[in-house]
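Trainee: Using our numbering, read the sequence shown as starting at 10 and increasing by one per residue. We treat Cβ as the ideally placed atom computed from N, Cα and C, and that holds for glycine. Have a look at the structure that comes next, please.
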Amino acid sequence: MPDARVQDFVIPEEHDGERLDRALSALVDGWSRERLRRLIEEGQVRVDGQLATRPSETVHTGARIAVALELAEHVRPGARAGLDFRVLYEDEDVIAIDKPAGMVAHPSTTVRGGTVSELATARFGALPAAQGADRPGIVHRLDSETSGVMVLARSDAAAASLVEQFRERRVRKVYHGIVQGEARFDTDWIEFSLARSAENEGRVQIARDGDGKPASTFYRTLERFDGAAFLELEPKTGRTHQLRAHLEAIDMPLFGDPLYRGRRRTSLAREAPIPARQALHASRLELSHPRTGAALAFDAPLPADLVALLDWLRLHRAL
């Protein structure tokens, strides 16, 4: 095998009970399920220290997967030049940051430099690797092109507590998104099961045949415009791309989303300052302090690109 390095992954709750190759395809950036299947068959994957040879092997929450991944010839930076996060809160157990859009959470075989975990380690020193050696401090996900609040752990005990809170859905997550289409309801639930797309491994899709994972999102309409709306969103489950896929499913895709555009092709694109990423921001996280149990809440204001779009809609598309 060409030059390789072992990467560690921990199976999150949303992939509990899945095939090994399918779970890995969701966790390993830039690798297709077929390539990962070959690695398993070649003896390059271990599950909880034991050699795995069957791609169909079932894995469960908390399983530690070690994969010998071939190093990519071309490695891209984990953030656009000059990007950095803003620290919202810091103590000896927890760090809360406001992550800008365009910053990847952790390095991979194809991404190196400028990621959240690398910048945090440089700023705060060694952080616990609860989710794998390449993910110091990381206890939850936030898509690279979604901005907003992320929390990091500073100790093994804090990491264990925070991972458990996210897994048991005791963390309140509030997002704000700007969507295309007409918001029919002031408040509503979106409840569609989600599954990995067979055609595009980078996407998830609505599971029509009952084999997906249950997913539930509550939303509140904050403002309506001609052909657009400003929403507050609370995912009650934590599936990959849940908000983006759910909004596409009800024909209200996020502005700027390259993967979940639905059937809409907005007429605003030629006029409005549409952001060059999905118009989604993680505005607030509420959780318990991992050591004291005290209630913590972290808020990140809307970034400038989403404020610019909102201001334009208020001026040009007010109802």
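Under 8 Å, with one C-beta from each stretch per pair, do the segment 138 to 157 and the segment 100 to 117 reach the 3-pair mark?
Mentor: Touching, yes.
Trainee: Entirely within the segment 28 to 55 and at least 4 residues each: give me those alpha helix (DSSP H) ranges in chain order.
Mentor: The qualifying runs are 29 to 36, 42 to 50.
Trainee: In the structure shown, what three-state DSSP assignment does A331 receive?
Mentor: Because the chain here runs from 10 to 328, residue 331 falls outside it and cannot be looked at.
Trainee: Closest by CA to G221, which one among D235, A309, F201, A238?
Mentor: That would be F201, whose Cα lies nearest to the Cα of G221.
Trainee: What does DSSP give as the partner residues of D308 in its beta bridges?
Mentor: D308 pairs with R293.
Trainee: If distances are taken between C-alpha atoms only, which option among R181, E280, G141 comes closest to A306?
Mentor: Considering only alpha carbons, the answer is R181.
Trainee: The beta strand (DSSP E) spanning A204 covers which residue range?
Mentor: Start and end: 203 to 205.
Trainee: Going by Cα to Cα distance, which pick from I259, A238, F175 is closest to E23?
Mentor: It is F175.
Trainee: Just to confirm, is the Cβ distance from P282 to L324 under 8 Å?
Mentor: It is not a contact, given that the beta carbons lie outside the stated cut-off.
Trainee: Would you report the Cα separation of F241 and T62, rounded to the nearest angstrom?
Mentor: Checking the displayed sequence, the identity of residue 241 turns out to be Glu instead of Phe. In a straight line, the C-alpha of E241 is about 45 Å away from that of T62.
Trainee: On a Cα-Cα basis, can you pick out the residue from D197, A129, I187, G190 that is closest to A162?
Mentor: When only C-alpha atoms are compared, the closest one is A129.
Trainee: Mind listing, in chain order, the continuous alpha helix (DSSP H) runs of no fewer than 4 residues lying wholly within the segment 210 to 295?
Mentor: Entirely contained in the segment 210 to 295, the alpha helix (DSSP H) runs reaching 4 residues are, in chain order, 251 to 258.
Trainee: Give the DSSP-derived three-state secondary structure of T155 in the structure shown.
Mentor: In the structure shown, T155 sits in coil (DSSP, three-state: anything other than H, G, I, E or B).
Trainee: One question on the structure: do E66 and V76 come within less than 8 Å of each other, judged by their Cβ atoms?
Mentor: Not in contact: E66 and V76 (Cβ atoms no closer than 8 Å).
Trainee: Could you spell out where the beta strand (DSSP E) holding E127 opens and where it closes?
Mentor: No beta strand (DSSP E) contains E127, which is instead part of the alpha helix (DSSP H) from 125 to 133.
Trainee: What whole-angstrom Cβ distance do T70 and D25 have, given they're in contact under 8 Å?
Mentor: Confirmed, about 4 Å.
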